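The numbers in full-length UniProt numbering rise by one with no breaks, and the one at position 30 of the sequence shown is 30. Heads up: the structure comes next, in structure tokens.
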Amino acid sequence: MEDDYFSIDAILAENQRVGCRFKVDIPDMGHLGGGADRDIKKGTNLQLPIWLIYTVILSDWADMIMPPAFGAKVRNALNAEPCSVRLSGLVGAGGLWYGFGKTIMELLDNKADMSQLMTNTFRQRLIQVIDQAQHFSTLAQTAGDGAQSFREGLDGTERECEYNQEVKDTTH
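Below you can see the structure in the form of structure tokens.
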């Protein structure tokens, strides 16, 4: 996300922690794990901020462990019914699932699968986001708790789409 240097969303996405398994011993860096160990030993699993993972992974010191927000369970749920997944709860820090996914995607060899997952998820959820934004005032009476639950599970990007649509509707 180097082209988003001043973006708060990019900063939050890159501050997420990602697991990695070290393939080599790293001397004098044990403090990264937060423990009392002096060195990082081969086979050690650590949770590191994604901005640090770039160096660790691209230097071939460790392999990234796919974050649970993009694991098989979430992927299967998104492929089955994207609107049923609460994206906001998957990554914390403002619920920026798409931003975190974009950042993770930069570290993957096969970017196409992640890109397709995020694109399909966004497209299928966007219909409901726009519908709820356009009919916000009547949703509580007609849609019940389902609409409220969906809104609470929106990713930060989707919330911005919904907000921009609501503002557009009130100004025209």
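Don't be surprised by glycine CBs; every beta carbon is placed ideally from N, CA and C. No experiment lies behind these values; they were computed from the predicted model shown.
> Can you give the beta carbon distance from residue 153 to residue 71, rounded, assuming they're within the 8 Å contact cut?
Replying inline: Within the sequence shown, the letter at position 153 stands for residue 153. Within the sequence shown, the letter at position 71 stands for residue 71. With a Cβ gap of about 18 Å, residue 153 and residue 71 do not count as contacting.
> Between residue 128 and the rest of its own chain, which residues show a CB-CB distance below 7 Å, the 5 nearest in sequence each way excluded?
Replying inline: Residue numbering aside, residue 128 sits at position 128 when the sequence shown is read from its first letter. These residues qualify, in order along the chain: 83 and 150.
> Got a sec? Which residues, its chain only, sit under 8 Å from residue 63 by beta carbon, not counting five neighbours each side?
Replying inline: Counted from its first residue, the sequence shown places residue 63 at position 63. Correct list, in chain order: 20, 21, 23 and 57.
>> I need the DSSP call for residue 116, collapsed to helix, strand or coil.
In response: Within the sequence shown, the letter at position 116 stands for residue 116. Residue 116 falls in the helix class under three-state DSSP.
> By Cβ distance, which residues of its chain are closer than 7 Å to residue 61, with the 5 residues on each side in sequence left out?
Replying inline: Here the question's residue 61 lines up with position 61 in the sequence shown. Within the same chain, residue 61 has close Cβ partners 22, 23, 24 and 26.
> Among 33, 96 and 105, which one has its Cα closest to the Cα of residue 8?
Replying inline: Looking up residue 8 in the sequence shown gives position 8. For residue 8, the nearest C-alpha among the options comes from 96.
>> My output table needs one value for residue 80: the three-state DSSP class, helix, strand or coil.
In response: Along the sequence shown, one-based indexing puts residue 80 at 80. Here DSSP, grouped into helix, strand and coil, assigns residue 80 to helix.
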